[in-house]
Every structure is written in C-alpha cells, then in structure tokens.
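Residue numbers (this note's numbering): 188 to 577. Structure first, commentary second.
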C-alpha cells in the first residue's frame with residue numbers, strides 16, 4: 188500500500204501547495220512551461236537545481252515538470268544510484284531529451300557530477316537535481332553554471348494547514364483544532380513529516396471512537412522535527428543567528444543555536460565551514476583561524492555524535508575572542524574600487540622587470556622595500572582602506 192504522502196502527491200501545478208514564486212500563476216516554472224507549450228518545444232527547457240528544505244516539494248515539482256513536458260522521465264537517488272545507470276538511458280531513442288531527476292544530487296562526488304556535464308551541455312538530458320544543501324558548495328561550478336538554481340522556501344503554517352485538511356478529508360478523520368495546530372507546529376514546515384505523522388496517528392487511533400487528539404499526534408511523532416523553527420522562518424535563519432551570536436560575543440546564544448543545528452542533523456562540515464569564514468571576518472587574533480580549521484578537520488575525521496563537542500569548543504572560543512572586522516571591511520572597500528575603476532595602471536616602480544626592455548623603461552626603478560610612500564595606482568594614491576583597531 189502506498190504511503191499517504193505518495194497518494195496525495197499533486198499531479199499538476201494547480202494542485203500544488205506552496206512555492207508561489209515558482210509554481211504560482213506568475214511563477215518561473217509556470218512561465219517556462221507555458222513557453223514550451225506555446226512554442227511547441229522549439230526552445231529547450233533549462234536544466235534546474237531545486238534547492239530547499241525537506242518536504243518543501245522538490246520531487247513533486249520535478250515530476251510535474253516532466254509530465255507537463257511530455258518527455259520520458261527517469262528518477263534517480265544519488266544515495267543509491269550510479270552514473271552508469273544514467274548513461275544507460277542515453278542509449279534509448281527519444282524525440283526529445285528525457286527528463287532526469289536526481290534526488291540529493293549533492294551526494295554525488297565531484298567526479299560523478301563531472302560525468303553529467305557533457306549530457307547537460309549537449310542537451311542530451313534535461314537535468315533536474317534536488318538538494319537540501321547549498322549548491323554553491325555542494326555542486327561543482329561547471330555543472331552549476333549550466334543549470335538554473337531555483338530556491339524553495341519552507342512551507343508556512345497556512346500552506347501546511349491546506350495539506351493537512353486535504354489529508355484529513357482523504358482519511359475521513361476528525362481532528363480538533365488544538366490537535367491540528369500541534370500537528371502543524373510540530374511538522375516545522377515539512378509536508379512529508381506532517382503527512383507521515385498524521386498517517387501513523389490515524390493507524391494508532393483507528394480503533395478509537397471520536398477524533399484524533401494531541402496525545403495521538405505526540406505518540407505518532409515520538410520526537411519533534413528540529414530542522415526548522417515553528418515560526419516558518421527560512422532555512423538559514425538558525426545559522427545566521429549562530430554567526431550573529433558569536434559576533435556579539437553571546438556565548439550562550441551561540442551554543443543554543445549550535446545545539447539546534449546539531450539536533451536537526453545539520454551537516455557538521457557546513458557549520459564548521461561557516462566558523463572558518465567567521466574566524467577571518469570577525470576575530471582579531473589569527474589564532475582563531477587555526478582553531479576554526481582544527482574544528483573543521485576534526486568534524487571531517489570524527490563525524491557525529493562526537494564532533495559536536497569539537498563544534499561546541501570552537502564556538503565558545505570564537506564567541507569569547509576579541510572581535511575586529513577591520514581587515515574584512517578594508518578588503519571590501521578595496522574590492523569596491525576595483526569593480527568601480529577597473530584595471531588601473533600599476534605604478535612602474537612596483538612592476539616586475541622581467542626583461543631588459545622593461546628595466547630600460549623604468550619597471551622596478553626607485554622601489555624601496557620599506558618605503559612609506561603609497562604604492563597604489565596614481566588615481567588612488569594615498570587612499571586608506573585599513574584602519575587598525577587599537
């Protein structure tokens with residue numbers, strides 16, 4: 188028997204709940220599909236990377252797209268499939284490139300992802316990869332550049348309520364308002380968690396007379412899903428709060444948000460990677476970068492559950508360390524000038540006199556290692572980016 192989540196999975200954009208910016212009347216997916224129909228597939232449908240939290244509709248959207256395109260459709264999981272399986276479908280005759288959906292595409296290593304490149308580049312397949320991880324870090328740049336990244340948001344309570352009501356009607360259940368509110372809150376923006384919990388609760392309480400109560404939802408849930416908070420904030424709010432708490436030297440808050448991420452099963456390397464960036468951006472001591480890198484390496488080698496202790500120790504150190512963003516802010520100012528003014532001529536005295544001609548025309552002439560004179564291009568001469576905090 189199919190799970191409830193599969194039975195109720197929407198088959199069309201009209202039935203899809205949430206992600207209005209993608210699947211609504213003015214959504215990009217809606218417009219792309221409309222273009223395909225109006226031009227009778229004369230323009231190729233772009234390959235996509237669907238990035239968003241669990242239970243936000245990534246797989247459902249991919250299947251709807253495939254159905255709307257009326258193409259051959261193949262679905263793979265990067266956890267259990269190989270690139271060879273994908274290569275096999277390329278041998279099949281097809282008028283239009285098949286739609287290949289790869290769930291958790293970030294699970295493929297760089298070499299495996301690279302093997303997808305020629306298929307996507309030639310238009311042999313329309314790739315739709317789904318991921319819960321930031322594709323900037325987890326998908327190789329050449330493949331990312333050939334795909335359009337679409338970001339899915341965590342479902343809000345109103346959207347979850349619509350999904351719950353659809354499921355309650357299908358199961359012919361009764362659910363009082365308190366139980367429904369508790370179910371929605373405990374699902375933390377994940378439609379799959381909501382439907383699975385409701386299905387289990389219905390089975391547990393099948394022999395009971397009357398509707399489901401909070402205790403039935405609690406028993407089915409067993410443990411709350413901590414991936415997202417109950418206010419429907421976006422996927423990265425907790426990591427943002429974590430970084431800002433360390434920046435404010437609020438050790439307790441930083442540890443709390445760290446615990447939230449660890450309990451939710453957030454990739455420890457993702458957390459450690461952000462700590463490494465923080466150590467360079469926000470902390471005065473260069474030792475902070477050494478500590479953060481040590482935490483990152485420990486997470487690589489040890490993994491959960493033990494590496495949470497490494498993360499906690501690093502968090503306390505970084506939160507208590509003296510803060511100084513002067514190097515980061517100075518670099519950002521310099522970068523702004525580079526982008527605004529372009530490639531300004533480098534002063535002759537700091538150019539590299541590789542050839543005799545270069546020496547004759549003044550390359551390197553007058554350079555003194557310990558000069559106090561500005562070595563910036565003439566247009567920026569004397570400009571100050573860095574002001575050391577004392």
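In this text, a Cβ means the ideal position worked out from N, Cα and C, and glycines have one as well.
{"Query": "Three-way DSSP call (helix, strand, coil) for residue 374 in this model", "Result": "helix"}
{"Query": "Validate contact between the region 378 to 388 and the region 351 to 365 using beta carbons, cut 8 Å, 3 pairs", "Result": "yes"}
{"Query": "Proximity of residue 440 and residue 432 at Cβ, strictly below 7 Å", "Result": "yes"}
{"Query": "DSSP three-state assignment for residue 260, whether helix, strand or coil", "Result": "strand"}
{"Query": "Expected contact under 8 Å - CB spacing of residue 285 and residue 259 to nearest Å", "Result": "4 Å"}
{"Query": "Residue 297, buried or exposed, once every other Cβ within 10 Å from all chains shown has been counted against 16", "Result": "exposed"}
{"Query": "At least three beta-carbon pairs within less than 8 Å, the region 507 to 514 to the region 479 to 499", "Result": "no"}
{"Query": "Boundaries of the alpha helix (DSSP H) in which residue 307 is found, first to last residue", "Result": "297 to 309"}
{"Query": "Per DSSP, the bridge partner or partners of residue 335", "Result": "235"}
{"Query": "Meets three-Cβ-pair contact criterion under 8 Å: the region 455 to 469 and the region 531 to 541", "Result": "no"}
{"Query": "Cβ-Cβ distance between residue 455 and residue 494 below 7 Å", "Result": "yes"}
{"Query": "Residues bridged to residue 287 (per DSSP)", "Result": "261, 314"}
{"Query": "Where residue 402 falls: helix, strand or coil (DSSP)", "Result": "helix"}
{"Query": "Nearest to residue 222 (by Cα), restricted to the options 202, 205, 255", "Result": "255"}
{"Query": "For residue 362: DSSP bridge partner residues", "Result": "399"}
{"Query": "Per-residue burial, residue 295 [other beta carbons within 10 Å of its own, 16 or more giving buried]", "Result": "buried"}
{"Query": "Minimum C-alpha distance to residue 305 - residue among 503, 277, 320", "Result": "277"}
{"Query": "Where residue 510 sits in the DSSP three-state scheme", "Result": "strand"}
{"Query": "Assigned secondary structure, residue 470 (DSSP; H/G/I helix, E/B strand, else coil)", "Result": "strand"}
{"Query": "Cβ-Cβ distance between residue 314 and residue 322 below 7 Å", "Result": "no"}
{"Query": "Proximity of residue 211 and residue 244 at Cβ, strictly below 7 Å", "Result": "no"}
{"Query": "Expected contact under 8 Å - CB spacing of residue 270 and residue 302 to nearest Å", "Result": "5 Å"}
{"Query": "Rounded separation between residue 342 and residue 376 - CA only", "Result": "5 Å"}
{"Query": "Residue 501 in three-state terms, based on DSSP", "Result": "helix"}
{"Query": "Residue burial classification, residue 487 (beta-carbon count within 10 angstroms, cutoff 16)", "Result": "exposed"}
{"Query": "Euclidean distance between Cα positions of residue 446 and residue 459", "Result": "13 Å"}
{"Query": "Test item: CB-CB of residue 192 and residue 408 under 7 Å", "Result": "no"}
{"Query": "Unbroken alpha helix (DSSP H) run spanning residue 154, endpoints", "Result": "Given that the chain is displayed from residue 188 to residue 577, the structure contains no residue 154 and the question cannot be resolved."}
{"Query": "Reference residue 216; option with closest CA among 437, 262, 336, 265", "Result": "336"}
{"Query": "8 Å Cβ shell around residue 545 - same chain, five flanking residues per side excluded", "Result": "538, 539, 551"}
{"Query": "Cα-Cα separation between residue 437 and residue 348, rounded to whole angstroms", "Result": "36 Å"}
{"Query": "Cutoff 7 Å; reference residue 562; Cβ partners in own chain excluding five residues on either side", "Result": "534, 537"}
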